[in-house]
Amino acid sequence: MLCSLHAGSVETVVETDSYIPLNIRFGEEDFEVDRKGVYGPNGELLEFAVSLSSNEIRELTLVHCEKYERFDTPLLVPTAEVGIVSLEMADHSNVSCFDVCVHPDGLRIKFADSNIGAYLRHGNAAIGVSEDADAIIEVLLYGIDSETIASMIDTIEITASQKDIVITYDGNTEE
275 MLCSLHAGSV ETVVETDSYI PLNIRFGEED FEVDRKGVYG PNGELLEFAV
325 SLSSNEIREL TLVHCEKYER FDTPLLVPTA EVGIVSLEMA DHSNVSCFDV
375 CVHPDGLRIK FADSNIGAYL RHGNAAIGVS EDADAIIEVL LYGIDSETIA
425 SMIDTIEITA SQKDIVITYD GNTEE
């Protein structure tokens, strides 16, 4: 992974639905993106949609989350360099951990227990990168309203509870 920052700013649009816990879009919708996934050890997935023309992050989508820890305190966002983040990484990256901490106003997704060299702020996201900026250590998504947080938690819990449901049909019918 390689993150870089350049001048500018982006507007943030936060969405949830009954299948995807959280989707954050940055700037205008861009249909020419490459989707890159960060996969946790239990099938968790955070997807980055990266513009094909500029490598700028256009969306962050929490596609699947196995578990989360809930905190009643606001999310503390460290000082970050502000701008537009460009990202170059493999389409599929496996990480050793996928720890999700949910706060009343945002969430933190941690991928490793490594030192963070800098935080890069992109809209309502702060991306903690390694000291040599070749790996994302954590992602903080902040400024999210309580209704969206509640909807996100509902979706996480519903999808987790349905994971073990197996539907069988034996083909026999009675009249």
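One rule links them: number in my numbering = place in the sequence shown (from 1) + 274.
For each residue, glycine too, the CB sits at the ideal point set by N, CA and C.
As computed with DSSP, V374 is found in a beta bridge with I383. Between L381 and L415, the C-beta gap is smaller than 9 Å, which places the two residues in contact. The Cβ neighbour count for I432, taken over all protein chains shown within 10 Å, is under 16; the residue is labelled exposed. Straight across, the Cα-Cα distance linking S327 with T286 is about 20 Å. For I390 against L361, the beta-carbon gap comes to about 16 Å, at or over 8 Å, which does not count as contact. Per DSSP, G402 is one residue of the beta strand (DSSP E) stretching across 399-403.
Between V374 and E318, the C-beta spacing is below 9 Å.
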